[in-house]
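First residue of the sequence shown: 39, per the numbering used here; consecutive thereafter.
For reference, the structure is listed below as structure tokens.
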Amino acid sequence: MTIQNRLDLFVATSMILPEEAQEIRLICSIYQSEFKLDFGIEAAERFITHFVGMYQRVRNQQNIEVIPEVVMTQLITDSSFNDANILLGRLIDVIKPPKEEEGYFLLHLIHYLGQQKEMI
39 MTIQNRLDLF
49 VATSMILPEE
59 AQEIRLICSI
69 YQSEFKLDFG
79 IEAAERFITH
89 FVGMYQRVRN
99 QQNIEVIPEV
109 VMTQLITDSS
119 FNDANILLGR
129 LIDVIKPPKE
139 EEGYFLLHLI
149 HYLGQQKEMI
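Here it is in structure tokens:
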């Protein structure tokens with residue numbers, strides 16, 4: 039399923055609003071053009087799906103726990119951490135997610151980059 043198809047489905051089922059889908063398309067477009075990343079793999083689907091949960095939590099004024107320290111420690115030692123952190127910084131500039139969500143986006147980005155490396 040393409041990014042567009044997935045986002046259309048999320049909008050059609052009222053999981054996200056059209057403007058939220060546009061924000062996701064924007065960050066994916068930036069990642070594709072600036073960083074040459076491919077969003078056709080499974081890890082990208084999880085990354086995009088996290089946006090849906092984030093938007094729902096924000097709309098419903100629900101909080102998410104900050105990613106556990108033990109998990110963050112593992113992320114920091116991952117070989118993809120520096121690259122993922124650059125991507126996260128770009129995401130924060132464009133989307134401005136709640137601070138509590140950042141560690142989870144970092145987790146998805148590290149996983150995504152790991153799968154990208156496996157494909158090379």
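Even glycine gets a Cβ: it sits at the ideal position worked out from N, Cα and C.
Since we're looking at a predicted model, the values are computed, not measured.
{"Query": "Keeping to the same chain, check which residues put their C-beta closer than 8 Å to that of Ile86; ignore five residues upstream and five downstream.", "Result": "Ile41, Arg44, Leu45, Ile62, Cys66, Phe77"}
{"Query": "Look at the alpha carbon of Thr115 and the alpha carbon of Ile148, and state the distance between them as a whole number of angstroms.", "Result": "11 Å"}
{"Query": "Does the segment 139-153 come close enough to the segment 110-124 to have 3 or more Cβ pairs within less than 8 Å?", "Result": "yes"}
{"Query": "Is DSSP giving Gln100 helix, strand or coil here?", "Result": "coil"}
{"Query": "Assuming Asp46 is part of the alpha helix (DSSP H), what are its boundary residues?", "Result": "41-50"}
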